[in-house]
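Chains as they are written, first to last, in the working numbering: chain A, 10 to 203; chain B, 16 to 385.
Working notes, beginning with the structure itself.
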Amino acid sequence: MTPDWPDSELIHRSRAEPRLFAEIFDRYHGDLHRYLRRRVGAGLAADLAAETFVTAFARRGAYHDQGGDARPWLYGIAHNLLRNHLRHEHRRLAAYARHGVDPVEDAGALAEFSLADARADAAAAGGPLRLALAGMPAGDRDVLLLFAWADLSYAEIAQALNIPVGTVRSRLNRARQRLRTVLENHSMLGERHG
Amino acid sequence: MDELTTLRELGSDTPGPTAAETAAARARLQAAIDHAPSRGARSWRRRGGRLARPRLWAPLSAAAAVTAVAVTAAVLAAPSLHVRPSASPAMALSAAQVLDQAASAAAHQPAGHGRIFFSEIEDMPPPSGGPPLLQLTWVGDGVPGRQAFVGPQTPFTSRPVPVPDQIQFGQRFLRWAQLRRLPTAPGPLLAAIERATGPYPAATQFDAIMSLLAEAPLTPALRAGLYRAAALLPGLTVRPHVRDLVGRRATEVYLPPTKRGAGSALLVDPATGAFLGLAQLLLPRPGQCAPDQEKAVLTAGYVGSDESLPPGAVRTPRPAVWPNIIPRCPIPTGGKPSPSIPSPTPHGSPTPSPGGNPTPSPRGSPSPTL
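Here it is, written out as structure tokens:
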């Protein structure tokens, strides 16, 4: 059922009637969980996603409506929590790039990835892409993944990360350039070995 | 394929959370919500309500008059809806918790064996005196509604009369088929109710909710949603250990009467969360005991035809428990009623007899306070 109230009104009302905040959970938990899972794996994503909503609920009194939905606010909280796990994420991405095995996923990941490797360009490029993601500055990576995986706009990313929109643009350009370089090198490497 | 498209496809088949993960995350949030303080008055409460809010009860037209002269006692039947017992009686629960308990019970109500919703409602005798009246109603989407009234000496087999397939919902009428389009999430549902009732005090929305709960064919989800929508209303107060119109133990969730209008009360079974009845709480005037209007739902459930009765249905009106219909009479001090009461005291419990049954006090006596 699509709720009638916009996020801002729900959050505002939830200050007096806390149970209303459950609607925010229903609207965004699935997407946020999936985004986090793409970044840090299933186990940690579940914990981070749950913690994001508990934290958001505790901070709902400080929520400021900026004319959109609550996603930037929630993703911003999620990223604050995520920063506590950056070391973990970096280790995982590096290991994944080196061995092609996601240490967080189950043991079947290797076979699954090998099959996908043969089917799709994106999957084939997964190793280099993840290597590039692991190697880029955390701020650039956050902007890039919020844009590509969470579908946030420049303004929403700026709101989520509490940075100017201009910074969002510059970080995104830099991150994309880095990805392009990695993919081109990978492609040339493939042609050379092919 | 550019780098952004490639990146978007990386992990695009990542599954969302499992049901267990969602439930676990929601439970963590719910725990935080349950421990959060809730302000009684909300900033978004409607203002400017009128003194006289529209009458929202008796949504199904009383098309039949009944002649009845005596009162007959019989064994009470519990409503057949909401039969799941709660883990603990509603003791020291907040209004929201009582309603949430009722919602949980409603959400698990049995689907029934038919598409006709049957309700058996005891109406309060008129203030001028008179016999109790039992209202039997069969309604459902796509079936002709029927209604019968039974008095102590009116045979149960009295011919039912047709009733419209709609219920008053705020300032308009809602057909049974339209019930399916109501949202079941509490927030949107309350918003829909507020749109229907107009700018009246919260008791008006509460009335609309109770009318649906008492007499409309609802899905379990909508029934549960109505309880939870009611819990969002500001100013709700809970009063445990009361008796309903026919003497059953009840927990009352009510909005007190104010100078702007009457209050309303919803009564639920403290053990099962079953909907027991509803009452309107009038503002007492100095020197006058204003009797309330009250209804007790004796039986409710789904049946296969407009001649069927669900298990537990009764066929005879119950004697009203008189102290319950004048609970807001001033508490006497020094033998005289006080001109006003500082706070509403709906539904005091009648004094239990040694046998456990309530002993009605003579009419006009104030109900004992708990």
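Every residue, glycine too, gets a C-beta built ideally from N, C-alpha and C.
Contact residues within the region 41-63 of chain A, judged by C-beta distance below 7 Å to chain B: 42, 43, 46, 47, 55, 58, 59, 62, 63
Any C-beta of chain A under 9 Å from that of residue 17 of chain B: yes
In DSSP terms, what residue 317 of chain B is bridged to: B:132
Residue 259 of chain B in three-state terms, based on DSSP: coil
Residue of A:22, A:195, A:91, A:90 minimising C-alpha distance to residue 74 of chain A: A:22
Residue 202 of chain B versus residue 244 of chain B - alpha carbon distance: 6 Å
Closer than 9 Å to chain A by CB, residue 34 of chain B: no
DSSP state of residue 26 of chain A mapped onto helix, strand, coil: coil
Entirely enclosed alpha helix (DSSP H) segments - the region 218-292 of chain B, minimum 4 residues: 235-245
Span of the beta strand (DSSP E), counted from its first residue to its last, around residue 165 of chain B: 158-165
Short Cβ contact (9 Å threshold) for residue 40 of chain B with residue 59 of chain A: yes
Interface positions of the region 245-267 of chain B facing chain A (Cβ-Cβ less than 9 Å), listed along the chain: 246, 247, 249
Opposing strand residues paired with residue 66 of chain A [DSSP bridges]: Its beta-bridge partners do not exist; DSSP assigns none.
Nearest neighbour of residue 62 of chain A, chosen from A:77, A:51, A:85, A:46 [CA to CA]: A:85
Alpha-carbon to alpha-carbon, residue 119 of chain B and residue 47 of chain B: 19 Å
Distance, residue 184 of chain B Cα to residue 223 of chain B Cα: 6 Å
Separation of residue 189 of chain A from residue 51 of chain A, as counted between CA atoms: 28 Å
Whether residue 313 of chain B touches residue 149 of chain B by CB criterion (9 Å): yes
Simplified DSSP state of residue 31 of chain B, which is helix, strand or coil: coil
Neighbouring residues, chain B, relative to residue 39 of chain A (Cβ below 8 Å): 31, 32, 37
Sub-9 Å separation of residue 24 of chain B and residue 192 of chain A beta-carbons: no
C-alpha distance - residue 322 of chain B paired with residue 234 of chain B, whole-angstrom precision: 22 Å
Residue 150 of chain A classed as buried or exposed, judged by whether at least 16 other C-beta atoms fall within 10 angstroms: buried
6 Å CB neighbourhood of residue 130 of chain B in its chain, flanking five on each side removed: 155
Residues that residue 61 of chain A bridges to, as DSSP identifies them: Beta-bridge pairing links residue 61 of chain A to no other residue.
Any chain A beta carbon closer than 9 Å to residue 324 of chain B: no
Inter-stretch contact (C-beta, 8 Å, three-pair minimum) for the region 253-264 of chain B and the region 204-223 of chain B: no
Min CB distance residue 208 of chain B to chain A below 9 Å: no
Whether residue 162 of chain A touches residue 72 of chain A by CB criterion (9 Å): no
Residues that DSSP places opposite residue 137 of chain B in a beta bridge: B:149, B:311
Extent of the continuous alpha helix (DSSP H) to which residue 86 of chain A belongs: 80-92
Range covered by the alpha helix (DSSP H) that runs through residue 201 of chain B: 201-212
Burial state of residue 81 of chain A (16 or more Cβ within 10 Å): buried
Burial state of residue 175 of chain A (16 or more Cβ within 10 Å): exposed
Residue of A:83, A:185, A:19 minimising C-alpha distance to residue 39 of chain A: A:83
Members of the region 216-239 of chain B that neighbour chain A once the beta carbon cut-off is set at 9 Å: none
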